[in-house]
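Participant:
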Amino acid sequence: MSIAYRAIDPATGDVVSEHDTATDAEVEAALAGAHAAAASWGALSIEERAAVAAEVARLFGERKDELATLAQREMGKPHSEGVEEAEFCEAIFRYFATEGPGLAADQPIPTGDAGGKAVVQRRPLGALLGIMPWNFPYYQVARFVAPNLVLGNTMIVKHAESVPGCALAIQQLLADAGVPEGVYTNLFADHDQIETIIADARIQGVSLTGSERAGAAVAALAGKNLKKCVLELGGSDPMIILDTDDVDAVVTAAWDFRTYNTGQACNANKRIIVVGDLFDDVVAGLTAKAQAVTDPSPLSSRKAAEALHEQVQDAVANGATLHAGGELGPAPTAHYTPAVLSGITPAARAFSEELFGPVAAVYRVESAEEALELANSSAYGLGGSVFSTDVDRARALAERLECGMANVNSTAGEGAELPFGGVKRSGFGRELGPLGMEEFVNKRLMYIAD
Numbered sequence: 236m237s238i239a240y241r242a243i244d245p246a247t248g249d250v251v252s253e254h255d256t257a258t259d260a261e262v263e264a265a266l267a268g269a270h271a272a273a274a275s276w277g278a279l280s281i282e283e284r285a286a287v288a289a290e291v292a293r294l295f296g297e298r299k300d301e302l303a304t305l306a307q308r309e310m311g312k313p314h315s316e317g318v319e320e321a322e323f324c325e326a327i328f329r330y331f332a333t334e335g336p337g338l339a340a341d342q343p344i345p346t347g348d349a350g351g352k353a354v355v356q357r358r359p360l361g362a363l364l365g366i367m368p369w370n371f372p373y374y375q376v377a378r379f380v381a382p383n384l385v386l387g388n389t390m391i392v393k394h395a396e397s398v399p400g401c402a403l404a405i406q407q408l409l410a411d412a413g414v415p416e417g418v419y420t421n422l423f424a425d426h427d428q429i430e431t432i433i434a435d436a437r438i439q440g441v442s443l444t445g446s447e448r449a450g451a452a453v454a455a456l457a458g459k460n461l462k463k464c465v466l467e468l469g470g471s472d473p474m475i476i477l478d479t480d481d482v483d484a485v486v487t488a489a490w491d492f493r494t495y496n497t498g499q500a501c502n503a504n505k506r507i508i509v510v511g512d513l514f515d516d517v518v519a520g521l522t523a524k525a526q527a528v529t530d531p532s533p534l535s536s537r538k539a540a541e542a543l544h545e546q547v548q549d550a551v552a553n554g555a556t557l558h559a560g561g562e563l564g565p566a567p568t569a570h571y572t573p574a575v576l577s578g579i580t581p582a583a584r585a586f587s588e589e590l591f592g593p594v595a596a597v598y599r600v601e602s603a604e605e606a607l608e609l610a611n612s613s614a615y616g617l618g619g620s621v622f623s624t625d626v627d628r629a630r631a632l633a634e635r636l637e638c639g640m641a642n643v644n645s646t647a648g649e650g651a652e653l654p655f656g657g658v659k660r661s662g663f664g665r666e667l668g669p670l671g672m673e674e675f676v677n678k679r680l681m682y683i684a685d
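All residue numbers for the sequence shown refer to the working numbering, where the first residue is 236 and numbers rise by one.
1. Check whether the region 487-494 touches the region 634-648, taking contact to mean three or more Cβ pairs, one atom from each stretch, closer than 8 Å.
2. Can you tell me whether Y240 is buried or exposed, with buried defined as 16 or more other CB within 10 angstroms of its CB?
3. Applying the 10 Å Cβ sphere with the 16-neighbour rule, what's the burial state of V398?
4. Who does F675 pair with in a DSSP beta bridge?
5. Would you mind stating whether K505 and S471 have Cβ atoms separated by less than 8 Å?
6. Which residues in the same chain have their Cβ closer than 6 Å to the Cβ of T346, if we skip the five residues on either side of it in sequence?
7. Measuring CA to CA, which of I475, A303, T431, L384 is closest to V414?
8. Using a Cβ-Cβ cutoff of less than 8 Å, which residues in the same chain neighbour A377 once the five nearest sequence positions on both sides are dropped?
9. Given 7 Å as the limit, tell me if A395 has its C-beta closer than that to any heavy atom belonging to the ligand ZN.
10. Count Cβ pairs between the region 522-533 and the region 565-576 that sit closer than 8 Å; are there 3 or more?
11. When the Cα of A583 is compared with those of A550, L543, A303, G656, which residue comes out closest?
12. Any idea which residues DSSP pairs S532 with across the strands?
13. Please classify A332 as buried or exposed, where buried requires at least 16 neighbouring CB atoms within 10 angstroms.
14. If you draw a straight line from the alpha carbon of G554 to that of E316, how long is it in whole angstroms?
15. The beta strand (DSSP E) that contains Y240, what's its start and end?
16. Report all residues from its chain with a CB closer than 7 Å to the CB of Q375; omit the five preceding and five following residues, and keep chain order.
17. Report, in whole angstroms, the separation of the C-beta atoms of R599 and V658, which I expect to be a contact under 8 Å.
18. According to DSSP, is L360 part of a helix, a strand, or is it coil?
19. So, for G450: in the same chain, excluding its five sequence neighbours on each side, which residues have a beta-carbon less than 7 Å away from its beta-carbon?
20. Let me confirm a value: Q407 is counted as buried when at least 16 other C-beta atoms fall within 10 Å, else exposed. Which label applies?
21. From I243, L409, I683, I344, pick the residue whose C-alpha is nearest to that of A286; which is it?
22. Three-state secondary structure (DSSP) at T304?
23. Return the CA-CA distance between A339 and I579, expressed in angstroms with no decimal places.
24. Do K393 and A362 have their C-beta atoms closer together than 8 Å?
25. I'd like the ranges of any alpha helix (DSSP H) spanning at least 4 consecutive residues and lying wholly in the region 448-515.
26. DSSP three-state call for G578: helix, strand or coil?
27. Quick one: using the 10 Å Cβ neighbour count with 16 as the cut-off for buried, is V355 buried or exposed?
28. Helix, strand or coil for N310? Go by DSSP, reduced to three states.
29. Which stretch, first to last residue, makes up the beta strand (DSSP E) that contains R599?
30. Report back the beta-carbon spacing between A272 and V418 to the nearest angstrom; my notes put them in contact at under 8 Å.
Written out as structure tokens, the structure reads:
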């Protein structure tokens, strides 16, 4: 047993808390508990489970300030955004508590020549494993847990090593809401133990939100052991600006979304693609926004800030122009001044890599077709957006984006009812909305002969 779960305040470099990794006995207890609880939890009516989810929603709303304070200390999230994250969790649990019974209802099938009666039933699979990231320490868990809680699955969750306090706070909140023991278990597992858990016959599926590298490893393990998996990985989402009659508005939309969560969002507009002469005005507007930031929030860790700085410096060394920011704060803090880059060349790492921090990367193209070609050139395919005063023109281009979430005149459509997920190297599967009830479920045929 060793200390691997360590929270460090990125604003100061101070250690907030340390936790030992789980023992093998604790791993076995979690597996046995989740497997045993699956029978009793799944036997309840979906309405009974939905009532528990509604209480989880209420507690997220009630505890939003303390949850935000904890996230700020462990991964640097601005307090106001932490409150918003907890409120989003409240909305997610409320949505599945309200809509879940209808979404999971039996679906009649016309039988035709077969005769008789047939329905598709939606039944729980059993125990699941969730592997969660640090950047949205509550929301990422909520979108995995809420639909599966209502469906009747049980869950073991391995949270990110840097946010153990957030992980424990979620477990306490669910317990206080009446979630029975074994239905939700937080486990401070290490990577070898995760491999053991995925291979265990009692686990029926795996959901991971994280890096492309982690996703590939988990997918390989899940495939080897014939387990369903859902992966939400990285993104390099394009925001195409075809034209605008309000430069300030489109610049504000671009900047606010790019720097939300200090730029550490998978579906952020990481490539701002501007058509024609509008480019100079957009760059000037973004530069002014960057220069106006006097007290930037820290990134999640010193390591993350240093990695981002290396990418920006590499871009400049390969011909890019740094218009503002790009300064690494003193160690051991994780501060990094918001930056604006243009002229990024294919030789630069930033051209193909995800920039996970407050860096606006702006590209100039001369036509909508060139914008689309650049947008779709990425190996990622999470989200994307197109802006224009002509909605039909913007939609026509958005229809051709190779992504899981296409948006017109909005950086992102977000809500508990809207499915989230990507294609290509951004992963597969969907969370939230009606599709969030469709991943870890036994779509069982029930046929009754005449």
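Using N, Cα and C, we set each Cβ at its ideal position, and we do this for glycine too.
Facilitator: On the basis of the supplied data:
1. yes
2. What you label residue 240 is simply residue 5 of the sequence shown in a count that begins at 1. Looking at its Cβ environment, which holds 16 or more other Cβ atoms inside 10 Å, Y240 is buried.
3. Residue numbering aside, residue 398 sits at position 163 when the sequence shown is read from its first letter. The C-beta of V398 has 16 or more other C-beta atoms within 10 Å across all chains shown, which makes the residue buried.
4. The residue labelled residue 675 in the question sits at position 440 within the sequence shown. Answer is none; F675 lacks a bridge partner.
5. Your numbering for residue 505 matches position 270 in the sequence shown. Your numbering for residue 471 matches position 236 in the sequence shown. Yes, the Cβ-Cβ distance between K505 and S471 is below 8 Å.
6. As a working mapping, residue 346 is identified with position 111 in the sequence shown. Correct list, in chain order: A353.
7. As a first step, residue 414 is located in the sequence shown; it is residue number 179 there, counting from the start. Nearest option by C-alpha distance: L384.
8. For the purposes of this step, residue 377 is taken as the residue at position 142 of the sequence shown. Taken in chain order, the residues that qualify are F295, F323, C324, I327, F328.
9. The ligand ZN is not part of this structure, which contains no ligands at all.
10. Contact holds between the region 522-533 and the region 565-576, because three or more Cβ pairs, one in each stretch, are under 8 Å apart.
11. Here residue 583 is taken as the residue at index 348 of the sequence shown, counted from 1. Here the closest residue by C-alpha is A550.
12. To locate residue 532, count along the sequence shown from 1; it is residue 297. Its beta-bridge partners do not exist; DSSP assigns none.
13. As a working note, residue 332 is residue 97 in the sequence shown. Counting Cβ neighbours within 10 Å, A332 comes out buried, since at least 16 surround it.
14. Taking the first residue of the sequence shown as 1, we reach residue 554 at position 319. Taking the first residue of the sequence shown as 1, we reach residue 316 at position 81. G554 and E316: Cα-Cα distance of roughly 35 Å.
15. Here residue 240 corresponds to residue number 5 of the sequence shown, with the count starting at 1. Where Y240 is concerned, the enclosing beta strand (DSSP E) stretches over 238-243.
16. Counting from one through the sequence shown, the residue named residue 375 turns up at place 140. Excluding sequence neighbours, Q375 sits near M367, P368, T444.
17. Locating residue 599 in the sequence shown gives position 364, counting from the first residue. Locating residue 658 in the sequence shown gives position 423, counting from the first residue. With a Cβ gap of about 27 Å, R599 and V658 do not count as contacting.
18. The residue given as residue 360 occupies position 125 in the sequence shown. Here L360 sits in coil by DSSP.
19. Counting from one through the sequence shown, the residue named residue 450 turns up at place 215. Answer for G450: L443, L466, L468, G662, listed in chain order.
20. In the sequence shown, the residue the question calls residue 407 occupies position 172. Exposed, by the Cβ-count rule.
21. Walking along the sequence shown from the start, residue 286 turns up at place 51. Proximity to A286 across I243, L409, I683, I344 peaks at L409, based on C-alpha coordinates.
22. On the sequence shown, residue 304 is found 69 positions in, with the first residue counted as 1. Of the three classes helix, strand and coil, the one that applies to T304 here is helix, per DSSP.
23. For the purposes of this step, residue 339 is taken as the residue at position 104 of the sequence shown. For the purposes of this step, residue 579 is taken as the residue at position 344 of the sequence shown. Whole-angstrom Cα-Cα distance: 47 Å.
24. As a position in the sequence shown, residue 393 is number 158, starting the count at 1. As a position in the sequence shown, residue 362 is number 127, starting the count at 1. For K393 and A362, no; Cβs fall outside 8 Å.
25. 482-493
26. Indexing the sequence shown from 1 puts residue 578 at position 343. Here G578 sits in coil by DSSP.
27. Position 120 of the sequence shown, counted from the start, is the residue given in the question as residue 355. When all chains shown are included, V355 counts as exposed.
28. Reading the sequence shown from its first residue, position 75 is the one you call residue 310. A small fix is needed here, since residue 310 is Met in this sequence, not Asn. Helix.
29. Counting from one through the sequence shown, the residue named residue 599 turns up at place 364. Segment 594-600, the beta strand (DSSP E) holding R599.
30. Working through the sequence shown from its first residue, we reach residue 272 at position 37. Working through the sequence shown from its first residue, we reach residue 418 at position 183. Confirmed, Cβ separation roughly 5 Å.
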